[in-house]
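Protein chains: 2
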Amino acid sequence: MKAAQPPKKRRKILPKEQRRQQLIEATIACIARYGLASTTMHMVTQEAGLSVGIANLHFETKENLLRETLRYVAEEYHTGQIDIMRGREAENLSDRLTALLNFQFGKGVTQRRKMSVWFAYYGEVGARPIYQKIVSAWDRAAARELESLFASIIQEGGYRDVDPGELAMGYSALIDGLHLALLVTPRELTKQSARKIGRDFLQRAFPNHI
Amino acid sequence: MKAAQPPKKRRKILPKEQRRQQLIEATIACIARYGLASTTMHMVTQEAGLSVGIANLHFETKENLLRETLRYVAEEYHTGQIDIMRGREAENLSDRLTALLNFQFGKGVTQRRKMSVWFAYYGEVGARPIYQKIVSAWDRAAARELESLFASIIQEGGYRDVDPGELAMGYSALIDGLHLALLVTPRELTKQSARKIGRDFLQRAFPNHI
DNA sequence: CGTAAGAATGAATGATCATTCATTCTAGGT
DNA sequence: ACCTAGAATGAATGATCATTCATTCTTACG
Chain R
156 MKAAQPPKKR RKILPKEQRR QQLIEATIAC IARYGLASTT MHMVTQEAGL SVGIANLHFE
216 TKENLLRETL RYVAEEYHTG QIDIMRGREA ENLSDRLTAL LNFQFGKGVT QRRKMSVWFA
276 YYGEVGARPI YQKIVSAWDR AAARELESLF ASIIQEGGYR DVDPGELAMG YSALIDGLHL
336 ALLVTPRELT KQSARKIGRD FLQRAFPNHI
Chain L
156 MKAAQPPKKR RKILPKEQRR QQLIEATIAC IARYGLASTT MHMVTQEAGL SVGIANLHFE
216 TKENLLRETL RYVAEEYHTG QIDIMRGREA ENLSDRLTAL LNFQFGKGVT QRRKMSVWFA
276 YYGEVGARPI YQKIVSAWDR AAARELESLF ASIIQEGGYR DVDPGELAMG YSALIDGLHL
336 ALLVTPRELT KQSARKIGRD FLQRAFPNHI
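These protein sequences, in sequence, are chains R and L. Going by the working numbering, the first sequence opens with residue 156, and the numbers climb by one from there. Going by the working numbering, the second sequence opens with residue 156, and the numbers climb by one from there.
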C-alpha cells in the first residue's frame, strides 16, 4: 500500500517583490483563521504553497513578516480613506461623506477576514511599541484629513458650535467601535444598520449635508 | 563569591478561591505588560510569587486560566455598567447618564492596564469561539440594559424619531472606539476630551437630559 | 546548449514553553 | 505534641516552533 503522493509541484522562481506580497497575503489569511497568537511560520508558508525556508529568505524573521503585514494592512485601509476624503472621486463635499461611509462599511473593509487582522494587531499594541508606532502614524494622517474635510463642511454649511477636531475624533471612534461590534457580535448588528448608525451621527452634526 | 540568595520565603497555604483570584490578577498584569501572545505560565506564576506547578493545580491548563481571566474582566466591566444603568446609585435618569459616563472614563476602567487586556482578548475573538461567546454574552446583557435606559429617557423627554436600540448600539460603539483611541493614540486624546465626546453624543440625542 | 547566479527547499538544530508528578511542607484536628 | 490531608514546589519531560544552511533546482544570458 503506497501513501498517496502529494502531487510533485514544479518549483517556480519569481521576483522578490512578488514573493513578499504572496507571503504577506498568506499571513493575513492565517491570522484571520487562527489568530495572531497561534499563527506559525509553518502555517504561513504552507498557506502560500511554499517551503518553510522561504520566509527567512525574504523577511529574515517572523517579527519582520508580522510588522510588514501590519504596515500593508494599515496602509491599505488608511490610504483608501484618505483618497476619498481628498476628493479624488467626488468634488462635492456631501458626496465625499457618502463615499466615505460606503467605503467604511463596504465589501472590502468589513470582511471578517480583514477585521480580524485589524483587531489582532490592535490587541498587541499595548505590548509592542513598534505596532503602536505604525498604527498611530496612519491614524494621525487619517485624522488630519478627516478634520480638514469636516472643517470645510462646517464652513460651507455655516454650522455653529461644532469643533472639527472633536467631531473627527468622535466619528473615527464610532467607526472603529462599529467594526468591532461587527466582528464580536455579528448577530446583533448588520452592516446595513452599522452604516445607518454612522450616517445618523453625521446627520446630527451636518443636517444639510446628508 | 556567593550568589545573592533569594530570600527563602516560607511556603503559605491558602484556600483554593484565594489562589485562583491571585493567579487571575497576575495573568492580567502579564497580559497588560507583555501581551496575550507572549505571556507564559512561568511569567504568570512568578508575578504571583508562586511556583510553576501551582497553575496546573488550580486551572489544569493555560487555556483554562486565560478563559477564566477573560470571564473575570468581562464581568467586572459589564456588571459595573449594568449596576449604574439599573439605578442602584441614582434614581434620576439624568444622573444615571452622568454616572455611566463617569464610570466609563473613570480611573478604574481607563487604566492602560485594563484596556490592554480588554483589547488583547478582542483581538483573539475572531479565532477563538469561546472568547466570542463570553464577550458577546456580556455585551448583549449590557446592550439590553442600555436600550431600556434610553427607552425610559426617550419617554420621559418625549424625544421624537429616536430608536433606543440603534442609539444604544451607537453609544456602545462610540465608547469602545474611544477606549481604543486612548490605548492606541494616547497623545491625541485625553480622558477628559474622550469623556466630552461621549457626553456630546448623548447631548445631541437627549438635549434636555444632559 | 551550457553555465552560473541566486531562488527555493526541507531536514536538522536548538530554544522556548506547557505540563507532569514525586517530593516537601503546612496547618487544622485530635 | 503528633498526625495527616492536601496545598505547594520545581526539576524533568516532551512537544512545538523559529531559524539555519547544505543542497537542489530554475532561468537568464552568453
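From the three backbone atoms N, C-alpha and C, an ideal C-beta is built for every residue, glycine too.
* Asked: Since Val-199 of chain R is in the alpha helix (DSSP H), which residue starts that stretch and which ends it?
  -> 196–202
* **Given Val-264 of chain R as reference, the closest of R:Ile-308, R:Met-324, R:Ile-186 and R:Leu-337 once Cα atoms are compared** => R:Leu-337
* Asked: Assuming Asp-203 of chain L contacts Gln-177 of chain L under a Cβ cut-off of 8 Å, what Cβ separation, rounded to an integer in Å, is found between them?
  -> Here the sequence assigns Ala to residue 203 of chain L, which means Asp is not the residue at that position. That pair is a contact at about 5 Å.
* Asked: Secondary structure at Phe-260 of chain R, three-state DSSP: helix, strand or coil?
  -> coil
* Indicate whether Leu-248 of chain R and Ile-179 of chain R have their beta-carbon atoms separated by less than 7 Å. => no
* Asked: Beta-carbon of Ile-309 of chain L versus every beta-carbon of chain R: anything under 7 Å?
  -> no
* Asked: Where are the alpha helix (DSSP H) runs, 4 residues long or more, that stay fully inside the region 292–332 of chain R, in chain order?
  -> none
* Asked: Below 7 Å between beta carbons: does that hold for Gln-199 of chain L and Ala-181 of chain L?
  -> Per the sequence shown, residue 199 of chain L should be read as Val rather than Gln. Yes, the pair counts as a contact, with Cβ atoms nearer than the cut-off.
* DSSP-derived helix/strand/coil call for Val-228 of chain R -> helix
* Asked: Is Val-228 of chain R near Val-280 of chain L, with beta carbons less than 7 Å apart?
  -> no
* Asked: alpha helix (DSSP H) containing Asn-211 of chain R: first to last residue?
  -> 208–214
* Asked: Comparing alpha-carbon positions, which option in R:Thr-195, R:Tyr-314 and R:Gly-320 lies nearest Leu-220 of chain R?
  -> R:Thr-195
* To do: Just the C-alpha distance for Glu-311 of chain L and Gly-242 of chain L, rounded to the nearest angstrom, thanks.
  => 15 Å
* Scan the region 169–192 of chain L for residues whose Cβ lies nearer than 9 Å to a Cβ of chain R and list them as they occur along the chain. => Ile-186, Ala-187, Arg-188, Tyr-189, Gly-190, Leu-191 and Ala-192
* Any residues in the region 284–296 of chain R with a beta carbon nearer than 7 Å to a beta carbon of chain L? Which ones, in chain order? -> Gln-287, Val-290, Ser-291, Asp-294 and Arg-295
* Alpha carbon to alpha carbon, what distance is there between Arg-222 of chain L and Gln-287 of chain R? -> 26 Å
* Which bits of chain R does Phe-258 of chain L rub up against, with CB to CB less than 9 Å? -> What Phe-258 of chain L touches in chain R: nothing, since even the nearest Cβ is about 17 Å away.
* **Coarse secondary structure for Leu-252 of chain L, derived from DSSP in three states** => helix
* Asked: Hey, Ile-183 of chain L and Val-317 of chain L: beta-carbon distance below 7 Å or not?
  -> no
* Asked: In three-state terms, what does DSSP make of Phe-361 of chain R?
  -> coil
* Asked: Can you list the residues of chain R that Ser-206 of chain L reaches, using a CB-CB cut of under 7 Å?
  -> Ordered by position in chain R, no residue passes the 7 Å Cβ test against Ser-206 of chain L, which lies about 25 Å from the chain.
* First through last residue of the alpha helix (DSSP H) which encompasses Ser-271 of chain R -> 267–280
* Outcome for Thr-224 of chain R when other beta-carbon atoms lying within 10 angstroms are tallied against a minimum of 16 -> buried
* Arg-315 of chain R to Ile-285 of chain L span [Cα, whole Å] -> 47 Å
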